[in-house]
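Q: Using the numbering used here, the first residue of the sequence shown is number 2, and each one after it goes up by one. Backbone N, C-alpha and C define an ideal beta-carbon position, used for all residues, glycine too. Note that this is a predicted model, so its numbers are computed, not measured.
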Amino acid sequence: MFRRGRRLFSSASIVLLLMAVVHTIGHFAPRGRPAGEKLVDAAMSAYHVDMGLGMNPSVLDMLQALSLTMPITLTVWALGNLLVAATDQTGRCVKLLAWLSAAASALLIVLYAYYQIPPPLTFVVVAGILFLAAGATSSGVREPSHG
2 MFRRGRRLFS
12 SASIVLLLMA
22 VVHTIGHFAP
32 RGRPAGEKLV
42 DAAMSAYHVD
52 MGLGMNPSVL
62 DMLQALSLTM
72 PITLTVWALG
82 NLLVAATDQT
92 GRCVKLLAWL
102 SAAASALLIV
112 LYAYYQIPPP
122 LTFVVVAGIL
132 FLAAGATSSG
142 VREPSHG
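Okay, here's the thing in structure tokens:
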């Protein structure tokens, strides 16, 4: 996983895991909230949307579900990358995943910059730079030719 040619890729994946942990802590951490935020939460709790299948979640329920989707998704992304980094014999999959992860990071950077959300923006910029560097510097080892 941290062999030569995989260190940047694995490091970027660990940044994603750290982001997932920090996001989860932030989601569940108790905090004092200003009156305006409490009013917004109350309005979101009171407004329910018929989603079919007999389900009628509040807008706050939907926001909570989406908020918890982020650390789950980041964890799966990071663990998948680390699994490939640990098992890919040629390094070719690591290189391809580094480029794919750099592209995904770029999309998230645009998203968080547009909506002005600094905490995930900061993590994804760091991970994106590492993924970009990993894609640019790792070389997929060619399999030996038989013959």
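Taking its Cβ as the centre, do 16 or more other Cβ atoms sit within 10 Å of Lys96, making it buried, or is it exposed?
A: The residue is buried, with at least 16 neighbouring Cβ atoms inside 10 Å.
Q: Quick check: the Cα distance between Cys94 and Leu108, rounded to an integer number of angstroms?
A: Approximately 21 Å, taken between the alpha carbons.
Q: By Cβ distance, which residues of its chain are closer than 6 Å to Val125, with the 5 residues on each side in sequence left out?
A: If we look at Val125 and ignore the five residues flanking it on each side, its Cβ neighbours are Ser106, Leu109 and Ile110.
Q: Over the uninterrupted alpha helix (DSSP H) stretch that includes His28, give me the two end residues.
A: Taken as a continuous stretch (DSSP letters only), the alpha helix (DSSP H) holding His28 covers Arg8 to Phe29.
Q: Taking Asn82 as part of the alpha helix (DSSP H), name the residues at either end of that continuous run.
A: Start and end: Val60 to Thr88.
Q: What is the rounded straight-line gap between the Cα of Ala13 and the Cα of Leu19?
A: C-alpha separation (whole angstroms): 10 Å.
Q: Counting only the same chain and skipping the five closest in sequence on each side, list residues whose C-beta sits under 7 Å from that of Val16.
A: Contacts found: Phe124, Val127, Ala128 and Leu131.
Q: Grouping DSSP H, G and I as helix and E and B as strand, with all else coil, what is Met52?
A: It is coil, neither helix nor strand.
Q: Rounded to whole angstroms, how far is the Cβ of Gly6 from the Cβ of Ser102, which I believe are closer than 8 Å?
A: Incorrect: roughly 15 Å between the Cβ atoms, too far for contact.
Q: Can you give the Cα-Cα distance for Gly30 and Ala66, rounded to whole angstroms?
A: Position check: residue 30 holds Ala in this sequence, whereas Gly was assumed. Distance between the alpha carbons of Ala30 and Ala66 is about 16 Å.
Q: Determine whether the beta carbon atoms of Ser68 and His28 lie at a separation below 7 Å.
A: The answer is yes: Cβ separation under 7 Å.
Q: Going by other Cβ atoms of all chains shown within 10 Å of its Cβ, with 16 needed for buried, is Gly148 buried or exposed?
A: Low per-residue confidence applies at Gly148: pLDDT is 47, beneath 50, and the placement is therefore not dependable enough to give any value.
Q: Using the beta-carbon count (16 or more within 10 Å), is Ala21 buried or exposed?
A: Counting Cβ neighbours within 10 Å, Ala21 comes out buried, since at least 16 surround it.
Q: Are His24 and Met63 close, meaning C-beta to C-beta below 7 Å?
A: Against a cut-off of 7 Å, the Cβ pair of Met63 and His24 comes out as no contact.
Q: Would you give the residue range spanned by the alpha helix (DSSP H) that Arg93 belongs to?
A: Per DSSP, Arg93 belongs to the alpha helix (DSSP H) from Arg93 to Tyr115.
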